[in-house]
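Before any comments, here is the structure.
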Amino acid sequence: MAFDESIAGVRPFFLFQVFWMSRQEKATLTKRVEFCASHRYHNPAWDAETNRRVFGRCNNEPSHGHNYLLEVTLSGDIDPVTGMIINIYDLKQYLWEILEEFDHKHLNLDTPYFQRTIPTTENLVHVLWRLFSHHPRIPTLEHIRLYEDEDLFADLSRAWVEESRATGVPRARVTRMYRFSAGHTEDEHLWGHDYSVSVAVDGPIHPETGQVVDLSDLDALVTRNVLDRFHGKDLRWDPAFQGQSVSEVALAGVIYRSLANRLRMGQVAGISVRASHRSEACYMAAEHDAVFSAFPPS
């Protein structure tokens with residue numbers, strides 16, 4: 309996978325965002341770093357045929373590699389002298405102290421964390437959370453997002469970690485991105501868009517697969533119920549849009565309802581739809597509603 313800038317190890321620059329939380333001078337900060345590693349999905353308790361059927365090409369020997377992109381969100385008090393919750397240069401060093409154990413390594417063979425678990429993105433994000441949270445100089449962890457590829461990432465929040473500790477069952481959220489092109493007729497004109505759709509799935513991490521959702525099942529479901537249905541079509545002729553206008557908000561709700569409660573593993577938690585880089589509609593299952601966001605021109 310190639311991101312905007314590709315280097316070996318941690319990027320020599322940082323991106324961070326500060327969000328004011330209250331008048332008590334607290335803030336959250338998000339740091340982005342990149343590292344490279346390889347892994348293989350393999351359950352030694354299964355025979356070769358079962359491993360190939362469940363994991364597909366991810367089971368191929370000896371391994372396959374990724375340029376992982378990691379986003380670490382921290383919270384803390386703003387230092388009145390520096391104006392920061394932590395020195396950015398120091399944070400980079402602290403993160404690298406941990407990530408160098410994974411960078412340019414075979415996760416199955418070169419690290420001690422996957423002797424009994426499969427190094428999926430879901431399991432890896434839990435390992436990183438545990439290591440970061442035990443570092444004495446890293447502020448409070450709020451959220452981790454780990455991109456395995458540009459179209460696949462796992463999320464872990466402090467609330468989910470606390471729930472996992474209470475139940476003894478690790479949980480995570482996995483998001484997969486899909487694309488299709490479609491149009492819709494309005495005022496006798498056909499307007500076309502290249503849609504980007506993100507499907508978020510929540511659930512427990514299955515101990516035998518290390519996954520929240522079987523990605524093959526998710527891909528098949530999205531292909532059947534979304535891509536085949538909408539790609540290259542005029543959305544106005546779809547029965548779901550009879551009586552309502554075609555918009556990112558409406559499309560997000562339609563896609564959610566076409567996918568909800570149809571997976572063997574995990575539950576669809578939300579849908580994000582983009583028709584351009586300037587706007588996005590998100591439908592979250594917990595709220596049963598869609599929210600539209602518009603971004604200012606860059």
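Heads up, the working numbering is the position in the sequence shown plus 308, with the first residue counted as 1. Even glycine gets a Cβ: it sits at the ideal position worked out from N, Cα and C. Remember, predicted model here, so these are calculated numbers, not experimental data.
> Using a Cβ-Cβ cut-off of 7 Å (strictly less than) and excluding sequence neighbours within five positions of residue 330, which residues of its own chain qualify?
Replying inline: The predicted position of residue 330 is uncertain, since its pLDDT is 46 and thus under 50; no value can be drawn from it.
> Out of 505, 385, 368 and 518, which has the shortest C-alpha to C-alpha gap to residue 584?
Replying inline: 505
> Can you list, in chain order, the residues of its chain whose CB lies under 8 Å from that of residue 345, leaving out five sequence neighbours each side?
Replying inline: 373, 374, 376, 410, 411, 412, 413, 414 and 415
> Under a three-way DSSP split, which group does residue 504 fall into?
Replying inline: strand
> In three-state terms, what does DSSP make of residue 575?
Replying inline: strand
> Near residue 594, which residues of its chain fall below 7 Å by C-beta distance, leaving aside the five closest residues on each side in sequence?
Replying inline: none
> In this structure, does DSSP put residue 334 in helix, strand or coil?
Replying inline: strand
>> According to DSSP, simplified to helix, strand and coil, what is residue 488?
In response: strand
>> Using CA atoms only, rank isn't needed, just tell me which of 426, 480 and 508 is closest to residue 257.
In response: The structure shown does not extend to residue 257, since the chain spans only 309 to 606, so no value can be given for it.
>> As a quick exercise: from 568, 559, 351 and 513, pick the residue whose alpha carbon is nearest that of residue 482.
In response: 513
>> Give me the residue from 484, 565, 354 and 399 with the minimum Cα distance to residue 520.
In response: 484
> Between the C-alpha atoms of residue 438 and residue 449, what's the straight-line distance to the nearest angstrom?
Replying inline: 10 Å
> Comparing alpha-carbon positions, which option in 381, 464 and 369 lies nearest residue 338?
Replying inline: 381
> Helix or strand or just coil, what does DSSP make of residue 593?
Replying inline: coil
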